[in-house]
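Data first, discussion second: the structure below is written as structure tokens.
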Amino acid sequence: MTHQPQGVDGRLTQYGDAGFSRFLRRAFLASAGWDDEDLTRPVVGIVNIASDFTTCHRDMPQLVEHVKRGVLEAGGIPFVFPAMSLGEILTNPTTMLFRNLMAMELEEQLKSQPMDAVVLLGGCDKTLPAELMAAASADVPAIALVVGPMSVGNWRGERLGACTDCRRMWTEHRGGTLDGEEIAEVREELCPTAGTCMVMGTASTMACIAEAMGIMLPYAGSAPAVSAQRLRLATATGRQAVELANSGRKPSDVLTPASFRNGLRVLAAVSGSTNAVLHLVAIARRLGIHLDADDVHDICAQVPVIADCKPAGSGYLPDLHRDGGVPALLKELEPLLELDALTVTGQKLGELVAGYSAPAENQTTIRRLDAPLKPPGALVTIRGSLAPNGAIVKAAAATPELMVHEGPAYVFDSLDQLAAELDDESLGLTPDHVLVMRNIGPIAAGMPEAGSIPIPAYLARRGIRDMVRISDGRMSGTAYGTVVLHVAPEAAAGGPLALVRNGDRIRLDVPARTVDLLVDDAELERRRAELTPFPVPERGWRRLYATTVTQADGGVDLDFL
27 MTHQPQGVDG RLTQYGDAGF SRFLRRAFLA SAGWDDEDLT RPVVGIVNIA
77 SDFTTCHRDM PQLVEHVKRG VLEAGGIPFV FPAMSLGEIL TNPTTMLFRN
127 LMAMELEEQL KSQPMDAVVL LGGCDKTLPA ELMAAASADV PAIALVVGPM
177 SVGNWRGERL GACTDCRRMW TEHRGGTLDG EEIAEVREEL CPTAGTCMVM
227 GTASTMACIA EAMGIMLPYA GSAPAVSAQR LRLATATGRQ AVELANSGRK
277 PSDVLTPASF RNGLRVLAAV SGSTNAVLHL VAIARRLGIH LDADDVHDIC
327 AQVPVIADCK PAGSGYLPDL HRDGGVPALL KELEPLLELD ALTVTGQKLG
377 ELVAGYSAPA ENQTTIRRLD APLKPPGALV TIRGSLAPNG AIVKAAAATP
427 ELMVHEGPAY VFDSLDQLAA ELDDESLGLT PDHVLVMRNI GPIAAGMPEA
477 GSIPIPAYLA RRGIRDMVRI SDGRMSGTAY GTVVLHVAPE AAAGGPLALV
527 RNGDRIRLDV PARTVDLLVD DAELERRRAE LTPFPVPERG WRRLYATTVT
577 QADGGVDLDF L
């Protein structure tokens with residue numbers, strides 16, 4: 027039976043007289059140019075998070091117009107509305123601090139304004155996760171669309187892209203290989219067009235996962251930002267939103283346990299961002315679905331890396347799109363997928379995959395399952411005395427020789443200390459040291475992407491490009507190296523990371539899934555007795571966040587959500 031949209035009569039303003047509320051709405055909508063014929067149609071909200079502070083979304087206004095066109099073509103009326111825009115590069119201290127705030131704001135808008143369906147326009151790292159969290163909680167029929175990846179740049183014949191190459195080239199500059207003029211030239215080619223980072227960072231990872239989970243249309247995860255296909259997808263998304271308004275198909279129908287497991291299989295296959303684990307756990311919790319780091323580990327242990335994209339590989343997302351995009355990737359993964367999962371189109375995933383073409387023989391971006399880029403185990407969850415509730419390592423982007431390592435700790439208690447001391451040769455840091463960055467977890471700092479501590483400049487000049495690093499923070503999905511992240515509980519919550527002292531021995535054994543502080547229990551108890559409570563922000567969002575945020579193993583969501 028067809029669902030009946032409520033249109034502009036949905037979620038009436040409360041005046042104690044429903045008839046008056048409907049009358050008043052039409053009076054004010056008339057002032058915006060809508061007539062009675064318009065107001066018989068289903069309403070589709072369009073989330074517009076364009077902002078000059080979010081450069082990746084530069085072309086979002088074009089997408090909005092094409093989505094509107096699709097909505098009108100399909101017989102709906104489009105209502106564009108703003109939501110908080112989170113641009114990673116221009117936000118202090120990190121957009122992760124505000125992901126939950128954006129999700130809360132958008133959830134309330136979805137639940138309080140008259141819309142029969144919503145198009146979630148996103149892109150930069152935390153925007154799509156926040157939108158999916160909001161849609162999961164509000165459970166209004168929803169479809170996502172991202173701005174798409176940038177095109178690839180070029181410097182002196184070398185392909186470059188944000189932001190794996192940003193980090194790599196900056197390391198070369200710190201190591202003395204590139205001078206000031208050269209690094210300035212590189213800077214102009216790293217982000218050559220509108221769009222999100224074109225490596226398999228968080229934005230690309232979440233886009234591919236969202237398509238695999240069925241909440242976006244086919245090819246919407248990878249079509250380049252500047253392509254005509256991206257605009258056509260916007261129009262098709264608008265049309266699909268009207269179908270959702272009429273059918274009543276909700277996020278809870280699409281985002282099922284099976285779809286989350288399919289998303290994790292794609293996360294493994296693309297060796298995606300570790301940040302995706304936090305986001306998927308948070309979205310799943312909003313739907314009452316149990317998902318944890320062990321689920322991530324178990325699926326990654328079964329699925330090889332078959333997408334050749336940086337930082338685990340050598341290519342870029344436009345290469346993956348050229349060679350078949352997520353549909354070709356899903357076709358290759360077909361034997362591993364749960365094909366009964368429903369998609370936003372109303373079709374099951376298996377019905378869509380049946381129509382997809384296998385990866386072409388003359389390309390190497392999407393590898394075969396029996397000839398992968400890397401074996402299973404792209405992401406590994408570990409535990410031990412240093413991380414009782416878990417931590418994560420992106421093994422596919424780490425140095426094999428450092429996967430089992432024991433060395434002395436050097437601890438940074440703040441980012442200010444890191445900046446002041448890292449390049450001080452008198453510290454005597456060696457490649458064997460384990461660099462510990464603490465007090466950057468959810469409670470302490472909103473969990474910035476500072477876990478991938480730079481290599482000390484004097485070691486970089488000697489050619490050292492990786493060391494074992496451990497933190498209660500995150501690293502960008504574009505980063506690489508042997509980095510232990512998301513240590514839980516964090517130091518500010520009294521986790522063992524707070525007890526580490528310079529010179530303590532730390533042992534990492536990724537194959538055994540352990541990370542341990544080699545200090546006896548009596549000494550640790552003595553140190554614990556000396557800890558003082560971490561200061562809580564005085565007011566506002568930061569106080570609410572610090573006093574209610576869950577740890578990494580809980581998705582870093584607010585405990586009451």
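Residue numbers for the sequence shown follow my numbering, so the first one is 27 and each next one is one higher.
Every residue gets a Cβ at the ideal spot worked out from N, C-alpha and C, and that includes glycine.
| Item | Value |
| --- | --- |
| Where the beta strand (DSSP E) through Tyr-436 begins and ends | 430-438 |
| Beta-carbon contacts of Ala-164 that lie in its chain and below 7 Å, excluding the five residues immediately before and after | Glu-133, Leu-136, Lys-137 |
| Residue range of the beta strand (DSSP E) that includes Lys-420 | 413-420 |
| Start and end residues, beta strand (DSSP E) containing Pro-103 | This sequence places Ile at residue 103; Pro is not what is there. 103-108 is the span of the beta strand (DSSP E), which, as asked, contains Ile-103. |
| Contact between the region 303-322 and the region 197-214 (3+ Cβ pairs under 8 Å) | no |
| Whole-number beta carbon distance between Leu-259 and Leu-243, since they are thought to touch under 8 Å | 6 Å |
| Residues bridged to Trp-60 [DSSP beta-bridge criterion] | None, per the DSSP bridge assignment. |
| Assigned secondary structure, Asn-74 (DSSP; H/G/I helix, E/B strand, else coil) | strand |
| Start-to-end residues for the beta strand (DSSP E) that takes in Asn-180 | 179-181 |
| Three-pair Cβ contact test at 8 Å for the region 372-383 versus the region 290-306 | no |
| Counted within 10 angstroms of its Cβ, other Cβ atoms place Tyr-41 as buried (16 or more) or exposed | exposed |
| Val-370 - DSSP class collapsed to helix/strand/coil | coil |
| Expected contact under 8 Å - CB spacing of Val-513 and Ala-413 to nearest Å | 5 Å |
| DSSP bridge partner residues for Pro-175 (one or two, in chain order) | Thr-222 |
| Cα-Cα separation between Val-541 and Cys-335, rounded to whole angstroms | 28 Å |
| Gln-26 versus Asp-530 - alpha carbon distance | No statement about residue 26 is possible, as the shown extent of the chain runs from 27 to 587 and does not include it. |
| Per-residue DSSP class, three states only, for Glu-184 | strand |
| Gly-341 versus Lys-357, Leu-375, Leu-399, residue with shortest Cα-Cα distance | Leu-399 |
| Within 8 Å, strictly: CB atoms of Gly-96 and Gly-264 | yes |
| Cβ shell of Thr-113 (< 6 Å), same chain only, five flanking positions each side left out | Checking the displayed sequence, the identity of residue 113 turns out to be Gly instead of Thr. Excluding sequence neighbours, Gly-113 sits near Phe-79, Thr-80, Cys-150. |
| Neighbour-count burial assignment, Met-27, 16 or more Cβ in a 10 Å radius | Its pLDDT being 48, under 50, Met-27 is placed unreliably by the model, and the measurement read from it follows with that caveat. Result: exposed. |
| Exposure of His-316, with buried meaning 16 or more beta-carbon neighbours within 10 Å | exposed |
| Cβ contact check for the region 140-154 and the region 66-76: 3 or more pairs under 8 Å | yes |
| Reduced DSSP secondary structure (H/G/I, E/B, other) of Arg-194 | helix |
| Val-419, buried or exposed, once every other Cβ within 10 Å from all chains shown has been counted against 16 | buried |
| Residue range of the alpha helix (DSSP H) that includes Leu-320 | Sequence inspection shows Asp at residue 320; the Leu mentioned does not correspond to that position. Segment 319-326, the alpha helix (DSSP H) holding Asp-320. |
| Bridge-paired residues (DSSP) for Ile-169 | Val-145 |
| For Arg-495 and Met-463, believed in contact at Cβ under 8 Å, the rounded distance | 7 Å |
| Cβ of Gly-102 within 8 Å of any chain D Cβ | Among the protein chains of the structure shown there is no chain D, as only one such chain exists. |
| Per-residue burial, Arg-554 [other beta carbons within 10 Å of its own, 16 or more giving buried] | exposed |
| Cα-Cα separation between Ala-284 and Glu-364, rounded to whole angstroms | 6 Å |
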